[in-house]
Amino acid sequence: METPRASLAWDRERHLQFLGERVFDLLVVGGGATGCSVARDAALRGLDVCLVERGDLAAGSSSRSTRFIHGGLRYLKTLEFGFVREGLQERATLMAVAPHLVRPVEFLFPALRAVGMARTRLRLGIGLYDLLAGRNRLQGTRSLSRSQTLLLEPCLRGEGLRGSVIYFDGAADDARLVIETAVSAVEAGATVGLHVEVERIVPSDTGPAVLILKDRLTGKPLGARASIVVNAAGAWAGNLLREHSEGGKSQRATSPLRPSRGSHLVFPRESLPVFRVVVMPSRNDGRLLFAVPAGDFTYLGTTEVDHTGALDPVRADASEVEYILQVAKEVFDAPGISRDRILCTWAGIRPLVERPHTETGRLSRDFRILQEAAGVVSVVGGKLTSCRRMAEATLDLATGILASRTGRTSDACITGWKLFPGAEGAVAEADRELTPGLDGEVVKHLRTVYGARAGSILRKIAQVPSLGRPYAPGCPVTPAEVIHAVEREGAVRLADLLFRRFHPLMMEARIRSAPGKAVAEGASRLMASWLGWTEERRLNELVNLTEEWERDFWVPRPD
Ligand SMILES: Cc1cc2nc3c(=O)[nH]c(=O)nc-3n(C[C@H](O)[C@H](O)[C@H](O)COP(=O)(O)OP(=O)(O)OC[C@H]3O[C@@H](n4cnc5c(N)ncnc54)[C@H](O)[C@@H]3O)c2cc1C
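Per our numbering, the sequence shown starts with residue 16, numbered consecutively.
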């Protein structure tokens, strides 16, 4: 096997060294879905692009969504037909270019008397949704009687149930989608600086912008220069806009964003065993929440509240927990839906574009591109589903500005058809045959998460079979996957590995269990040997992991 460090395909130190070495065509601020999509699109257009993220990939809202890739059934209520159609088009595009990441999943929408929902009306609404998808519609929509519904989802409350409609929509693990977008960008030549914060952007009318940066792992100051800066800092984009206005370079004195918080609760699957996504209409305010099956867990969400406090940290509050529990108890008859069964929560901020005097829930999820100071473009709003399209529109504008400022031309956008790395070729059966004794759950997990890239992990296990042995029963994480994340996905902290690279396993819900602790211990030892950590640093990483959990995923006590 290769020796650690020398074999890192994604070496943070090397990327940081590149930062100061040249003038980039484009520098992207923010490593969420939007920023990574911009970086990937730019690199694939042949531009010299750099992305800086103050934390980890997807550490902002892009690992905190409900994880649907959809047009959004609920926007039919607000008559946003064009927006829904565009979302459904993007769903089809992402399913084509990243089929291992974006998949069709089954939804069941119960028709409930308590919310005045008749089955025929529901069927018509979902029929319209399918119609808006045109040739990209997902097959399978059908109506079910009350008894058929209860057979499929026995936890549903029988009283007031008038039947249901089954339909299909898209879903993806949000953090994995972002990570693979970043991997693709790096493979196309992008420089990516993780744990690097932009402290200030100094625009220039005549030359490249200068960025004052800080390495958040070492505290060291860094710098970079770029002809165009794209501010894709999500809910934090306003901070950078304000930064400009203080320097007198921007017309914009206030943020164009209205931060809206959404929270989720995670239960062990046995507390609420649903077999497909079940829509939970709230009796109180008519909002649609969801119960989503996710392997060993079921998660419920989401809320929608104006977030008026500081943007960090973002976490669920006690009233949101009560609200979600209340809606779930109205829809399901399951004693497991109780506060003391919640394993963890997660919350995120929707970076919604402000429209004065409008309720948060009625604000559009559409995006906006703003030209700030010379050579600075901000892309705000949108949703996970629209990140590829947002990137394309941002770059269509940014490349025009780049050409007029520097004469530099670029290729056309190819993200509408260019496959993601894990979609390029199926996992060869031959790779599986190399590892005949490997646990079937491990193979299934690797294929589901990495698509064709599972092949390189399986080959590693074929060379050293002990790398394929899970750290703990009931959780398919193996040392080979840890090495893959460090070597090829830029993971440099234990929390980055467990909470973002292993996101589909919902490590935040496992971390306090014996298997979760075994994975953390084993993975920290392996990371230490690959990244040259001292024992003190390794122990600090374990402490940081607990601190991050308590900051972001804890279950708030009732007020
Ligand atoms: C509760 C909830 C549910 C949702 N559900 C869905 C859904 O089901 N489907 C869907 O399509 N969309 C959904 N969304 C919307 C979607 O999650 C967001 O629109 C999307 O993730 C935003 O991505 P982003 O890259 O713009 O922002 P972020 O992911 O927040 O990324 C911005 C990044 O910028 C970084 N940053 C900030 N300041 C700096 C700086 N100074 N220097 C360097 N880096 C900086 C941050 O650390 C952050 O990582 C949901 C959102 C929420 C909150």
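All C-beta atoms, glycine included, are put in the ideal place defined by N, C-alpha and C.
Helix, strand or coil at residue i [DSSP, three-state]
i           : result
residue 206 : strand
residue 521 : coil
residue 153 : coil
residue 35  : coil
residue 246 : strand
residue 40  : strand
residue 498 : helix
residue 493 : coil
residue 369 : coil
residue 530 : helix
residue 95  : coil
residue 573 : coil
residue 295 : strand
residue 565 : helix
residue 178 : strand
residue 264 : At residue 264, the pLDDT of 48 sits below 50, so the modelled position is not reliable and the matter cannot be decided from this model.
residue 82  : coil
residue 17  : Confidence is the limiting factor: at residue 17 the pLDDT is only 48, short of 50, which leaves the residue's position unreliable and the question unanswerable from this model.
residue 548 : coil
residue 201 : helix
residue 159 : strand
residue 232 : coil
residue 61  : coil
residue 237 : strand
residue 400 : helix
residue 360 : strand
residue 381 : coil
Residues near residue i in its chain [Cβ-Cβ closer than 6 Å; skip 5 each side]
i           : result
residue 359 : 281, 523, 524 and 568
residue 339 : 280 and 315
residue 262 : Low per-residue confidence applies at residue 262: pLDDT is 47, beneath 50, and the placement is therefore not dependable enough to give any value.
residue 153 : 119 and 183
residue 456 : 491
Residues bridged to residue i (per DSSP)
i           : result
residue 316 : 279 and 305
residue 347 : 171
residue 104 : The partner list for residue 104 (beta bridge, DSSP) is empty, contrary to what the question assumes.
residue 478 : None, per the DSSP bridge assignment.
residue 216 : 226
residue 386 : 392
residue 67  : 44 and 208
residue 487 : 490
residue 25  : According to DSSP, residue 25 bridges with nothing at all.
residue 274 : 366
residue 184 : 120
residue 508 : Answer is none; residue 508 lacks a bridge partner.
residue 192 : Answer by DSSP bridge pairing: none, since residue 192 is not bridged.
residue 328 : DSSP lists no partner for residue 328.
residue 125 : 179
heavy atom of ligand 2 below 7 Å from residue i C-beta
i           : result
residue 398 : You won't find ligand 2 in this model; what it holds is ligand 1.
Contact set for residue i: own chain, Cβ-Cβ below 7 Å, skip 5 residues either direction
i           : result
residue 265 : Note that residue 265 has pLDDT 46, beneath the 50 cutoff, so the model's placement of it is unreliable and the number below is only indicative. Hits under 7 Å: 256, 259, 387 and 388.
residue 453 : 476 and 483
residue 214 : 227, 228 and 229
residue 103 : 86, 147, 148 and 151
residue 464 : 191 and 519
residue 426 : 60 and 61
residue 89  : 303
residue 297 : 304 and 342
residue 128 : 175 and 177
residue 5   : This structure does not reach residue 5, given that the chain is present from 16 up to 574, and the question cannot be answered.
Same chain, Cβ closer than 8 Å to residue i, neighbours up to 5 away in sequence not counted
i           : result
residue 310 : 284, 519, 520 and 521
residue 242 : 38, 39, 40, 41, 223, 224, 390, 417, 420, 421 and 423
residue 110 : 84, 117, 118, 119 and 185
residue 535 : 509, 513, 526, 557 and 560
residue 356 : 282, 283 and 286
residue 231 : 69, 70, 210, 211 and 212
residue 550 : 543
residue 235 : 229
residue 141 : 88, 124, 156, 180 and 182
residue 392 : 243, 244, 245, 246, 384, 385, 386, 409, 412, 413 and 416
Discussion item. Which runs of the beta strand (DSSP E) at least 3 residues long sit entirely within the region 404-462? Give them in chain order.
Written reply: List check, beta strand (DSSP E) in window: nothing returned.
Practice prompt. Mind the definition here: the region 71-83 touches the region 186-205 only if three or more C-beta pairs lie below 8 Å; say whether that holds.
Written response: Inter-segment contact for the region 71-83 and the region 186-205 is present: three or more beta-carbon pairs are separated by less than 8 Å.
Discussion item. Below 8 Å, how does it come out for the region 165-176 and the region 340-352: are there three or more Cβ pairs, yes or no?
Written reply: Under the 8 Å Cβ criterion, the region 165-176 counts as touching the region 340-352, having at least three qualifying pairs.
Worksheet item: Taking one C-beta from the region 197-204 and one from the region 429-442 each time, how about it: are there three or more such pairs within less than 8 Å?
Response: With a cut-off of 8 Å, the region 429-442 and the region 197-204 count as touching, because enough Cβ pairs lie within range.
Worksheet item: Is there contact here, the region 327-335 with the region 285-301, by at least three beta-carbon pairs under 8 Å?
Response: Pairwise C-beta distances place the region 327-335 out of contact with the region 285-301, as fewer than three of them are shorter than 8 Å.
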